[in-house]
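K.L.:
First, the structure itself, so that you have it in front of you.
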Amino acid sequence: MTHDDTTADAVSGPGGTPPGPSAVRPATADGESTGRDAAPSPADAALPPQLAPAALTLFGDRLDLAAAYAELLATDGVVRGLIGPREAPRIWDRHLLNCAAVAERIPSGATVLDVGSGAGLPGLVLAIARPDLTVTLIEPLARRTSFLIEVVERLGLARSVRVFRGRADEAASGSSGREPISGDVVTARAVAPLDRLAGWSLPLAVRGGRLLALKGSSAAAEIEEHAEVVARLGGGEPTVQLCGVGVIDPPTTVVEIVRERMIGPARPAAKKRARGGRSRRG
């Protein structure tokens with residue numbers, strides 16, 4: 001997760017309507033990216049025909065909304081440096097479907113906090129796929145939160161999604177007169193190794209809530225390396241879950257950690273006392 005020293009503000013976009021034409025368009029041969037220096041094109045966001053069944057399964061009647069988000073990622077997201085140009089043609093398989101599959105691990109009506117949301121992955125994808133969820137996108141960088149606010153507005157998601165500008169620890173503890181926030185589920189994708197991620201994310205989960213960390217092939221190794229740290233932070237034994245089995249290939253690898261104990265903040269060290277009971281002066 002990227003940290004930022006600027007003052008954090010909780011912000012959310014007002015309601016809005018989906019942008020322009022959002023119908024799913026089949027990919028065409030001339031719709032492929034023409035290279036790193038090519039201007040971003042909405043054609044890069046076209047849903048490949050072979051992925052259409054999986055997309056329909058994961059997004060259902062909100063597939064057009066997912067397509068509108070894909071187009072924003074492939075155009076504004078690339079221009080503003082949130083998505084690499086070479087990623088644009090792979091938005092569906094590498095990003096949208098990969099994130100949407102995680103919805104199967106989230107209970108109905110849950111509150112979701114997405115740590116280090118960046119361009120909205122996976123938080124915005126989950127909000128699109130699951131209108132029953134209430135999602136908070138936590139992101140400290142201004143240029144990213146500006147993009148997120150605009151996307152929330154243009155997709156008409158303001159009733160279920162808000163954007164929190166700040167770090168995860170600021171969201172958990174409250175700052176600048178704001179109340180701490182917490183949720184049933186905390187999500188994160190490509191943010192940090194498991195020990196640091198758990199330190200930032202578990203304090204945001206209610207007792208019995210869970211962290212869902214999207215990981216790759218390193219999942220098992222990270223669990224083995226950081227399980228003791230997770231336990232000290234109040235987390236249960238991390239497990240590896242495969243999401244979207246039979247729907248997407250490969251399925252999404254998720255490390256799931258339940259917050260079993262509420263660990264309070266560390267107490268400040270006691271001052272050393274000199275002989276005679278007087279405090280030492282620095």
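With full-length UniProt numbering applied, the sequence shown covers 1 to 282.
No residue lacks a Cβ here, since even glycine has one placed at the ideal position from N, Cα and C.
Remember, it's a predicted structure, so these values are computed and weren't measured experimentally.
1. Express the C-alpha separation of Glu153 and Glu139 in angstroms, rounding to a whole number.
2. How long is the line joining the alpha carbons of Arg165 and Thr253, rounded to whole angstroms?
3. I'd like the span of the beta strand (DSSP E) that includes Leu113, first residue to last.
4. Kindly indicate which three-state DSSP category Met262 falls into: helix, strand or coil?
5. Could you please give me the residues that DSSP links to Ile257 through a beta bridge?
6. Can the beta-carbon of Leu126 be found closer than 9 Å to that of Val102?
7. How do the stretch 173–185 and the stretch 79–95 stand: do at least 3 beta-carbon pairs fall below 8 Å, yes or no?
8. Can you confirm whether the stretch 44–59 touches the stretch 242–262 when touching is taken to mean that 3 or more C-beta pairs between the two stretches lie within less than 8 Å?
9. Take Phe59 and list the residues in its own chain whose beta-carbon comes closer than 6 Å to its own, dropping the five residues that flank it on each side.
10. Residue range of the beta strand (DSSP E) that Val240 falls in?
11. DSSP three-state call for Ile248: helix, strand or coil?
12. Can you tell me where the beta strand (DSSP E) holding Ala188 begins and where it ends?
13. Quick check on the DSSP output: the alpha helix (DSSP H) that includes Val230 runs from which residue to which?
14. Jot down the residue ranges of each uninterrupted alpha helix (DSSP H) in the stretch 145–201, minimum 4 residues, whole runs only, in chain order.
15. Which residues share a DSSP beta bridge with Val135?
16. Quick check: the stretch 68–85 against the stretch 218–237, are there 3 or more CB pairs under 8 Å?
17. At the level of alpha carbons, what is the spacing between Val186 and Gly234?
18. Look at the alpha carbon of Ile263 and the alpha carbon of Pro203, and state the distance between them as a whole number of angstroms.
19. When the distance is taken between beta carbons, is Ala231 closer than 9 Å to Leu155?
20. Mapping the DSSP letters down to three states, classify Gly81 as helix, strand or coil.
21. Using alpha carbons as the reference points, say which of Arg143, Ala142, Val151 lies closest to residue 283.
22. Going by alpha carbons, who is nearest to Ser173 out of Ala188, Ala205, Pro193, Leu211?
23. Please return the same chain residues whose Cβ sits closer than 7 Å to the Cβ of Gly109, not counting the five positions on each side in sequence.
P.N.:
Judging by the given coordinates:
1. Taking the straight line from one Cα to the other gives about 17 Å.
2. Inter-residue distance for Arg165 and Thr253 is about 28 Å (C-alpha atoms, whole angstroms).
3. Segment 111–115, the beta strand (DSSP E) holding Leu113.
4. Residue state, collapsed to three classes: coil.
5. Per DSSP, the beta-bridge partners of Ile257 are Leu211.
6. With contacts defined by Cβ atoms closer than 9 Å, Leu126 and Val102 form a contacting pair.
7. No: fewer than three Cβ pairs fall under 8 Å.
8. With a cut-off of 8 Å, the stretch 44–59 and the stretch 242–262 count as touching, because enough Cβ pairs lie within range.
9. Taking C-beta separations shorter than 6 Å and ignoring five residues to either side along the sequence, the partners of Phe59 in its chain run Ala66, Ala129, following chain order.
10. In this chain, the beta strand (DSSP E) harbouring Val240 covers 239–243.
11. In the three-state scheme derived from DSSP, where H, G and I count as helix and E and B as strand, Ile248 is classed as coil.
12. Taken as a continuous stretch (DSSP letters only), the beta strand (DSSP E) holding Ala188 covers 183–189.
13. For Val230, the uninterrupted alpha helix (DSSP H) run begins and ends at 219–232, by DSSP.
14. Taking 4 residues as the shortest admissible run, the stretch 145–201 contains the following complete alpha helix (DSSP H) segments, listed from N- to C-terminal end: 168–173, 194–201.
15. Answer is Val112, Val161, bridged to Val135.
16. Between the stretch 68–85 and the stretch 218–237 there are fewer than three inter-stretch CB-CB distances shorter than 8 Å, so the stretches are not counted as touching.
17. The alpha-carbon separation between Val186 and Gly234 amounts to approximately 15 Å.
18. When rounded, the distance between both Cα atoms is 8 Å.
19. Against a cut-off of 9 Å, the Cβ pair of Ala231 and Leu155 comes out as no contact.
20. If DSSP states are grouped into helix, strand and coil, Gly81 belongs with coil.
21. For residue 283 there is no data in the structure shown, the boundaries of the chain being 1 and 282.
22. Minimum Cα distance to Ser173 is reached at Ala205.
23. Cβ-Cβ distances below 7 Å link Gly109 to Asp132 in the same chain, with the five nearest sequence neighbours on each side left out; the list follows chain order.
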